[in-house]
Amino acid sequence: MTCTKFHDSIWGFVIYRCSRGKQTAWDRLLQALRRKVQEDARFYMRQDVLKFHHLHAIDDKTLYGATSYQVRDHFQSWVPKNLEGRLRPDATNPQNDVDWVHATSTPRYEYCLFVDDVCLESVDHPGVNSPVVKLLRKNWESPSPPQETNYTVPAPFHDGATEYDEEDVGWMYMPLQEYLYKYDLLGKGDWDDQYVRPPYIDGTEDEGELVGHWRQEA
Numbered sequence: 002m003t004c005t006k007f008h009d010s011i012w013g014f015v016i017y018r019c020s021r022g023k024q025t026a027w028d029r030l031l032q033a034l035r036r037k038v039q040e041d042a043r044f045y046m047r048q049d050v051l052k053f054h055h056l057h058a059i060d061d062k063t064l065y066g067a068t069s070y071q072v073r074d075h076f077q078s079w080v081p082k083n084l085e086g087r088l089r090p091d092a093t094n095p096q097n098d099v100d101w102v103h104a105t106s107t108p109r110y111e112y113c114l115f116v117d118d119v120c121l122e123s124v125d126h127p128g129v130n131s132p133v134v135k136l137l138r139k140n141w142e143s144p145s146p147p148q149e150t151n152y153t154v155p156a157p158f159h160d161g162a163t164e165y166d167e168e169d170v171g172w173m174y175m176p177l178q179e180y181l182y183k184y185d186l187l188g189k190g191d192w193d194d195q196y197v198r199p200p201y202i203d204g205t206e207d208e209g210e211l212v213g214h215w216r217q218e219a
């Protein structure tokens with residue numbers, strides 16, 4: 002969460018707004034996230050960590066409509082700037098601090114959340130897993146060069162170029178209710194252990210339970 006070179010202690014995901022959708026839906030989504038963190042912290046008797054939680058929301062109109070690739074590029078640029086801003090004025094050679102590697106490889110700096118049209122729509126479509134956000138891996142590398150990312154995505158998937166169930170597309174859906182759970186798991190484990198190709202959440206859903214099913218029903 003921190004190291005001796007930082008002037009603060011912070012944990013929590015960064016979340017991007019990438020949709021021109023309803024402002025009220027965006028506000029409700031953020032409120033629901035923060036409320037869920039508080040509820041889970043109380044449930045697990047970890048109220049002591051609440052004061053250090055910071056859900057950093059980036060609402061930049063230039064990112065409305067951004068793809069996962071564009072969000073990743075922005076996040077990769079944001080991370081070093083944010084880390085530099087957290088350094089104490091007298092901090093020198095932070096990389097030599099024994100806690101630096103751990104503090105800079107927490108889920109806050111390895112993953113981010115982003116919200117597109119489907120995610121905002123999920124706020125108004127109650128379900129077992131709704132609302133949802135997209136959880137993105139910072140260091141994922143596309144198997145295709147940038148100029149070849151306009152591929153046809155096979156149904157029912159929401160990204161990827163193959164029909165392989167386990168193709169890693171660099172992001173996955175995350176129910177709001179799993180915010181603290183995922184943050185904890187990703188801090189202890191590995192992306193590959195958690196990944197499920199979208200639109201699936203756990204891989205057992207039928208068509209009527211998939212994220213975005215309401216678009217097919219409209």
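Residue 174 in my numbering sits at position 173 of the sequence shown, with consecutive numbering throughout. For glycine and all other residues, C-beta sits at the position ideal for the given N, C-alpha and C. Since we're looking at a predicted model, the values are computed, not measured.
In three-state terms, what does DSSP make of residue i?
i: Lys189; result: helix
i: Arg216; result: helix
i: Tyr184; result: helix
i: Val133; result: strand
i: Phe53; result: helix
i: Tyr112; result: strand
Quick check on the DSSP output: the alpha helix (DSSP H) that includes residue i runs from which residue to which?
i: Tyr201; result: Unbroken run through Tyr201: none, as it is neither H nor E.
i: Ala26; result: 24 to 44
i: Val80; result: 69 to 87
i: Leu121; result: 118 to 123
i: Arg47; result: First-last for Arg47: undefined, no H or E at that position.
Kindly indicate the opening and closing residues of the beta strand (DSSP E) around residue i.
i: Tyr17; result: 15 to 18
i: Tyr174; result: 172 to 176
i: Ala104; result: Where Ala104 is concerned, there is no enclosing beta strand (DSSP E), although the alpha helix (DSSP H) it sits in stretches over 101 to 104.
If you draw a straight line from the alpha carbon of residue i to that of residue j, how long is it in whole angstroms?
i: Pro200; j: Pro157; result: 7 Å
i: Val154; j: Gly161; result: 6 Å
i: Trp114; j: Asn94; result: Residue identity differs from the one stated: residue 114 is Leu in this sequence, not Trp. Computed Cα separation, rounded: 30 Å.
i: Glu218; j: Asn83; result: 42 Å
i: Asn130; j: Gly209; result: 12 Å
i: Leu177; j: Val134; result: 7 Å
i: Gly128; j: Trp215; result: 11 Å
i: Ser143; j: Tyr112; result: 16 Å
i: Ser78; j: Arg109; result: 14 Å
i: Gln48; j: Gly204; result: 33 Å
i: Gln96; j: Asp9; result: 17 Å
i: Asp125; j: Ala26; result: 8 Å
i: Glu85; j: Asp207; result: 45 Å
i: Lys183; j: Ser106; result: 15 Å
i: Gly13; j: Val38; result: 10 Å
i: Asp28; j: Leu34; result: 10 Å
Determine the closest residue to residue i out of the options, with distance taken between C-alpha atoms.
i: Val197; options: Asp185, Lys189, Val212; result: Val212
i: Ala104; options: Trp215, Cys4, Thr205; result: Cys4
i: Tyr180; options: Pro132, Asp193, His214, Gly66; result: Pro132
i: Gly139; options: Ser20, Ser69, His55; result: The displayed chain sequence assigns Lys, not Gly, to residue 139. Measuring from the Cα of Lys139, the nearest candidate turns out to be Ser69.
i: Ser1; options: Leu51, Arg36, Tyr174, Glu168; result: The requested residue 1 does not occur in the structure, where the chain is confined to residues 2 to 219.
i: Arg36; options: His55, Ser20, Arg21; result: His55
i: Leu45; options: Asp185, Glu167, Ile202; result: As written in the sequence, residue 45 is Tyr, which differs from the Leu given in the question. Per the Cα distances, Asp185.
i: Ser20; options: Tyr152, Gly66, Asp61, Gly190; result: Gly66
How many whole angstroms separate the CB atoms of residue i and residue j, which I take to be in contact at a CB cut-off of 8 Å?
i: Arg18; j: Ile59; result: 7 Å
i: Ile16; j: Phe53; result: So it is not a contact: roughly 17 Å between Cβ atoms.
i: Lys23; j: Leu121; result: 6 Å
i: Trp141; j: Gly171; result: 4 Å
i: Leu51; j: Val116; result: About 23 Å separates the two Cβ atoms, so there is no contact after all.
i: Arg87; j: Phe7; result: 5 Å
Using a beta-carbon distance below 8 Å, is residue i in contact with chain C?
i: Arg87; result: Absence of chain C from the displayed structure is noted, only one protein chain being present.
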